[in-house]
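Structure record follows, encoded as structure tokens.
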Amino acid sequence: MTNAAPDRHRPDLPARPSPTRLAFFLAYLQIGLSGFGGANAWMRRVIVEERGWLSEQEYAEYLGLAQILPGPNALNCAVMIGDRFHGTAGAALALLGILGGPLVPLVGIAGLYAQYGSEPLVAAALKGLAAAAAGMTIGTALKMGTRLRPGLALSAVGVCAFVGIGLLRLPMLGVVLALAPLGILAAWLAPQRGGAAP
Amino acid sequence: MTGGTVLLLAQLALAFAPLSLVAIGGAIAVLPEIQRQVVDLRGWVAADAFMDLFALAQAAPGPNMMVVSLIGWQVAGLAGLLVATLAMVGPPALLALGLGRLRARFASLAWVRVTQAGLIPIALGLNLASGVVLAQAAHHGATTLVLTLGTTLFVWLTRRNPLWTLAAGAAAGMALL
Numbered sequence: 001m002t003n004a005a006p007d008r009h010r011p012d013l014p015a016r017p018s019p020t021r022l023a024f025f026l027a028y029l030q031i032g033l034s035g036f037g038g039a040n041a042w043m044r045r046v047i048v049e050e051r052g053w054l055s056e057q058e059y060a061e062y063l064g065l066a067q068i069l070p071g072p073n074a075l076n077c078a079v080m081i082g083d084r085f086h087g088t089a090g091a092a093l094a095l096l097g098i099l100g101g102p103l104v105p106l107v108g109i110a111g112l113y114a115q116y117g118s119e120p121l122v123a124a125a126l127k128g129l130a131a132a133a134a135g136m137t138i139g140t141a142l143k144m145g146t147r148l149r150p151g152l153a154l155s156a157v158g159v160c161a162f163v164g165i166g167l168l169r170l171p172m173l174g175v176v177l178a179l180a181p182l183g184i185l186a187a188w189l190a191p192q193r194g195g196a197a198p
Numbered sequence: 001m002t003g004g005t006v007l008l009l010a011q012l013a014l015a016f017a018p019l020s021l022v023a024i025g026g027a028i029a030v031l032p033e034i035q036r037q038v039v040d041l042r043g044w045v046a047a048d049a050f051m052d053l054f055a056l057a058q059a060a061p062g063p064n065m066m067v068v069s070l071i072g073w074q075v076a077g078l079a080g081l082l083v084a085t086l087a088m089v090g091p092p093a094l095l096a097l098g099l100g101r102l103r104a105r106f107a108s109l110a111w112v113r114v115t116q117a118g119l120i121p122i123a124l125g126l127n128l129a130s131g132v133v134l135a136q137a138a139h140h141g142a143t144t145l146v147l148t149l150g151t152t153l154f155v156w157l158t159r160r161n162p163l164w165t166l167a168a169g170a171a172a173g174m175a176l177l
């Protein structure tokens with residue numbers, strides 16, 4: 001099954017540029033290579049903000065589905081977005097780019113780390129990098145929240161998810177299972193479902 | 001390839017493929033179990049080396065689950081890296097492919113769209129929580145706090161490339177930490 005863009009299932013959404021296979025692979029290579037501190041924030045940046053292949057709302061829908069599956073969210077997202085544009089080949093290209101790109105530097109860094117990891121300067125740079133990368137994850141979540149502008153009920157569900165996992169450190173599976181019905185109820189009651197910010 | 005290597009690769013695949021299917025919330029969710037298997041059960045990697053590999057996978061580019069790739073590399077070189085990565089990525093990827101296609105087929109149904117919309121705030125809440133947990137782990141005094149808050153505002157309020165703030169973070173770390 002191939003899905004051409006514009007998404008024929010969502011005629012309500014404006015047509016967006018559709019990437020070629022090469023452009024798509026290169027985008028995921030870029031996501032993999034720049035994905036310090038986790039790939040989700042970079043995927044949103046490259047696919048939504050830089051290339052404009054998906055709207056904020058469409059990307060958020062993939063992210064929402066990806067989290068109820070096992071495995072890394074970012075990779076699940078990559079597979080579904082790849083399949084949307086280029087079928088199974090697209091899914092494989094997305095995985096190849098996002099994983100294959102960083103493999104070489106990762107192994108190289110691992111070798112260097114074994115030798116220089118205890119150097120104070122290297123350790124200090126990694127600490128600074130980790131602090132900034134955490135900020136990138138936080139900033140991306142806040143940006144999506146402000147751009148999607150969910151209603152009061154949906155926002156409350158999001159806040160509960162944050163408090164449960166981030167502050168109370170409750171088990172993730174339990175939190176997601178408990179909040180999913182509430183989120184769906186909130187979406188059902190919301191006057192304008194899926195209304196993305198312009 | 002010797003019989004011993006093949007056995008080792010099979011053990012790697014058997015260790016990670018089942019874990020990949022219970023890793024709801026990503027590799028972080030099964031990190032304790034990975035540690036139990038790799039360090040305690042098999043003795044492939046020493047305990048402190050395991051933490052180093054994890055820190056490295058977080059600091060280096062690429063998804064954080066690539067700690068598994070590094071473990072494979074340590075255990076059996078390039079073949080180990082490929083087998084471990086495929087075992088951790090393959091099963092969930094097939095599930096995602098299936099779910100993505102179900103979604104595409106039924107996307108016009110109202111309940112499917114309501115379900116998708118209802119899952120979005122949970123995803124955002126979880127991502128925000130991940131960021132805060134990472135920030136706490138990265139917290140080493142005022143410098144790191146400023147770096148985290150500064151990057152948060154930079155990414156939230158501008159469209160500029162965050163690589164700049166990450167580079168600034170590494171530089172500030174070297175200068176101040």
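Chain order of the listed sequences is A and B.
According to this note's numbering, the first sequence is numbered sequentially starting from 1.
According to this note's numbering, the second sequence is numbered sequentially starting from 1.
Ideal placement from N, C-alpha and C gives every residue a C-beta, glycine not left out.
In this text, all values refer to a predicted model and were calculated from it rather than measured experimentally.
CB of P70 (chain A) within 8 Å of CB of A175 (chain B), strictly: Not in contact: P70 (chain A) and A175 (chain B) (Cβ atoms no closer than 8 Å).
Could you tell me whether the Cβ atoms of T152 (chain B) and I138 (chain A) are closer together than 8 Å? Cβ atoms of T152 (chain B) and I138 (chain A): closer than 8 Å.
Using a Cβ-Cβ cutoff of 8 Å, what residues of the region 35-51 of chain B are near chain A? List them in chain order. Answer in chain order: no residues at all.
Tell me the DSSP secondary structure of R113 (chain B) in three-state form. The answer is helix: DSSP assigns R113 (chain B) an H, G or I state.
Check each residue of the region 136-157 of chain B: if its Cβ is closer than 9 Å to any Cβ of chain A, include it; give the result in chain order. Against chain A - using a Cβ distance shorter than 9 Å - the residues of the region 136-157 of chain B are Q136, A137, A138, H139, H140, T143, T144, L145, V146, L147, T148, L149, G150, T151, T152, L153, F154, V155, W156, L157.
Taking 8 Å as the threshold, find out whether the region 123-140 of chain A comes into contact with the region 165-173 of chain B through three or more Cβ pairs. Two segments are said to touch when three or more pairs of C-beta atoms, one from each, lie closer than 8 Å; by this definition the region 123-140 of chain A touches the region 165-173 of chain B.
Using a C-beta to C-beta distance shorter than 7 Å, which residues of chain A count as neighbours of L7 (chain B)? None at all; the shortest Cβ gap to chain A is about 23 Å.
Taking Cβ-Cβ distances shorter than 7 Å, what residues in chain A pair up with R160 (chain B)? In chain order: nothing, as chain A lies at least about 10 Å away.
Cβ pair P92 (chain B), N76 (chain A) closer than 8 Å: Yes, the pair counts as a contact, with Cβ atoms nearer than the cut-off.
Inter-residue CB distance, D83 (chain A) and G100 (chain B) (contact presumed, cutoff 8 Å): Cβ-Cβ separation between D83 (chain A) and G100 (chain B): approximately 5 Å, consistent with a contact (criterion under 8 Å).
Rounded to whole angstroms, how far is the Cβ of V107 (chain A) from the Cβ of L95 (chain A), which I believe are closer than 8 Å? Not really, about 18 Å apart at Cβ, beyond 8 Å.
Rounded Cβ spacing between T148 (chain B) and A135 (chain B) (contact assumed at less than 8 Å): With a contact defined as Cβ atoms closer than 8 Å, T148 (chain B) and A135 (chain B) qualify at about 5 Å.
Amino acids of chain B, ordered along the chain, whose beta-carbon sits closer than 8 Å to that of S34 (chain A): In chain order: P61, L163.
Just to make sure I have the definition right: I need the residues of chain A whose C-beta is within less than 7 Å of the C-beta of G169 (chain B). Which are they? Neighbours of G169 (chain B) on chain A, chain order: G128, L129, A131, A132.
Beta-carbon of N113 (chain A) versus every beta-carbon of chain B: anything under 8 Å? At residue 113 (chain A) the sequence reads Tyr, which differs from the Asn that was named. At least one chain B Cβ lies under 8 Å of Y113 (chain A).
Member of A:A141, A:P171, A:L179 whose CA lies at the smallest distance from the CA of A153 (chain A): Cα-wise, what sits closest to A153 (chain A) is A:L179.
Which bits of chain A does Q116 (chain B) rub up against, with CB to CB less than 7 Å? E61, G64, L65, listed in chain order.
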